[in-house]
Ligand code: ADP
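Numbering (the numbering used here), first residue to last: 16 to 491.
The structure is reproduced here in structure tokens:
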């Protein structure tokens, strides 16, 4: 039985959203050349938050030219000077974090508890971390005086809008590059607020350019002949299209794509702790997480016990208003994403898996999906193979560690994995066998700017975060 909580809404008044926003090019906001706009909608209420410029070819070209022009001076600055700007940005992010957290929850649908306690602290931490590298590039292991690449075209998804921006912009700028960044079409607002932070920090114009638009704008940016590097986080399908489109050019590329991570629970794992990790692994951020633990592999001898405890825990999850501080699960980011989740879960049932979800009320307006788990799942089922990108867990069982490894690696993806066991030697053995870029042991979804993140196989290539994250922006 869940506790009753009185509503504890965070004030919306802390953020001032303008009725419209332009493109941020060369330190100025301006309309798209053809005047095209699109609307950004709050997924928890379907209310239009703002109207945003839709960049076309002429705008993309203008942004790349501004970045190219700014590159000359920015890359020539001593690292310690670039660091000053990055430290300044980090501090302004901290100062404005309440405003940014509310904005992100409104535009994305994720709970304020997460934007406030996870996204925003990590955004600031990334800028602080890479600010620290800016004057130490010669000690990063890439030669005595590694050079930047030039202009980076960066395309980010909607699941962690501001955090993905930080992952992309902080290392690029620290290394001396300039950037043109395109946020996702359903979550453009926090990137535009970030543009204002760049102005507030006195960042030289043209070093950061933010262009809003959909996939067509992204494709124009990728194909622009004067960018030196493409950094993309998003779906595997679009990642493949980008890789094809830049094949044969000398543009550098990093891709961070989908995942279907195994969260593996052994019979000696502390059950309550593992259950918390399973819940965090798949229901954090509504499951809109590329490294989500979307396949639970549980040892057969404890499967019933773990599933009983998991269902008990899932009954206490609160789904609803993202701005309520008690909310655990917010809104699904878009009608389109909700349709994708609905279609895949229907396929799960049609293929014979058994669906279970707690009986929780969902708000009338907006896009919502109950936290859901499937048992009787086989490895051939679509819900065990395809990335659902929603609050849906597929449960499989195993008997031996070797079987767990076999099943965990039986996927086209390889972004992350989790291991729950009391035995240290088993953790090390498993971590060696798992074909995944990040392996968490007795925890899940832990992020830190010092730690490299990236995939194997169709989860992409290149690493973001840590010293390794600098390599992607240096000519080495
Ligand atoms: P998701 O499936 O998570 O919505 P997408 O891969 O479709 O992810 O989108 C991630 C980002 O890539 C968004 O900013 C989107 O606008 C952009 N995008 C979509 N299609 C293309 C494309 N063909 N070229 C470049 N960027 C694209």
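Ideal Cβ placement from N, Cα and C applies to all residues, glycine included. The structure presented is a predicted model; accordingly, all values stated were derived computationally and were not measured.
Out of 261, 266, 273 and 267, which one is the CA nearest neighbour of residue 249? 273
Among 172, 187 and 394, which residue has its Cα nearest to the Cα of residue 490? 187
Decide if residue 288 is buried, meaning its Cβ has at least 16 other Cβ atoms within 10 Å, or exposed. exposed
Any heavy atom of ligand 3 closer than 8 Å to the CB of residue 230? Ligands present in the displayed structure are limited to ligand 1, and ligand 3 is not among them.
With H, G and I counted as helix, E and B as strand and the rest as coil, what does DSSP make of residue 163? strand
Our contact map puts residue 318 next to residue 290 with C-beta atoms below 8 Å; I'd like the distance itself, whole angstroms only. Their Cβ separation, rounded to whole angstroms, is 13 Å, which puts residue 318 and residue 290 out of contact at 8 Å.
Between residue 408 and residue 394, how many whole angstroms is the CB-CB distance? I'm expecting something under 8 Å. The pair is not a contact, with the Cβ atoms about 15 Å apart (cut-off 8 Å).
Residue 169 and residue 196 look like a contact to me (Cβ under 8 Å); what is the Cβ gap, rounded to whole Å? 4 Å
Cβ of residue 357 within 8 Å of any heavy atom in ligand 1? no
Stretch pair the segment 147-159 + the segment 82-102: three plus CB contacts closer than 8 Å: yes
Reduced DSSP category for residue 136 - H, G, I as helix; E, B as strand; rest coil: helix
Does residue 224 pass the burial test, meaning 16 or more other C-beta atoms within 10 Å, or should it be called exposed? buried
Residue 565 (DSSP reduced to helix, strand or coil): The structure shown does not extend to residue 565, since the chain is modelled only from 16 to 491, so the question has no answer here.
Assuming residue 343 contacts residue 298 under a Cβ cut-off of 8 Å, what Cβ separation, rounded to an integer in Å, is found between them? 7 Å
Examine ligand 1 and report whether any of its heavy atoms sits within less than 8 Å of the Cβ of residue 269. no
By Cβ distance, which residues of its chain are closer than 7 Å to residue 71, with the 5 residues on each side in sequence left out? 47, 48, 49 and 51
Please state whether DSSP places residue 174 in a helix, a strand or coil. coil
3-residue-minimum beta strand (DSSP E) runs that sit fully inside the segment 278-316, ordered along the chain: 310-314
Three-state secondary structure (DSSP) at residue 59? coil
Return the first residue and the last residue of the alpha helix (DSSP H) that residue 322 is part of. 318-329
Those runs of the beta strand (DSSP E) which lie wholly inside the segment 412-443 and span at least 3 residues: 431-435
Closest to residue 263 by C-alpha separation, out of 446, 240 and 278, would be which residue? 240
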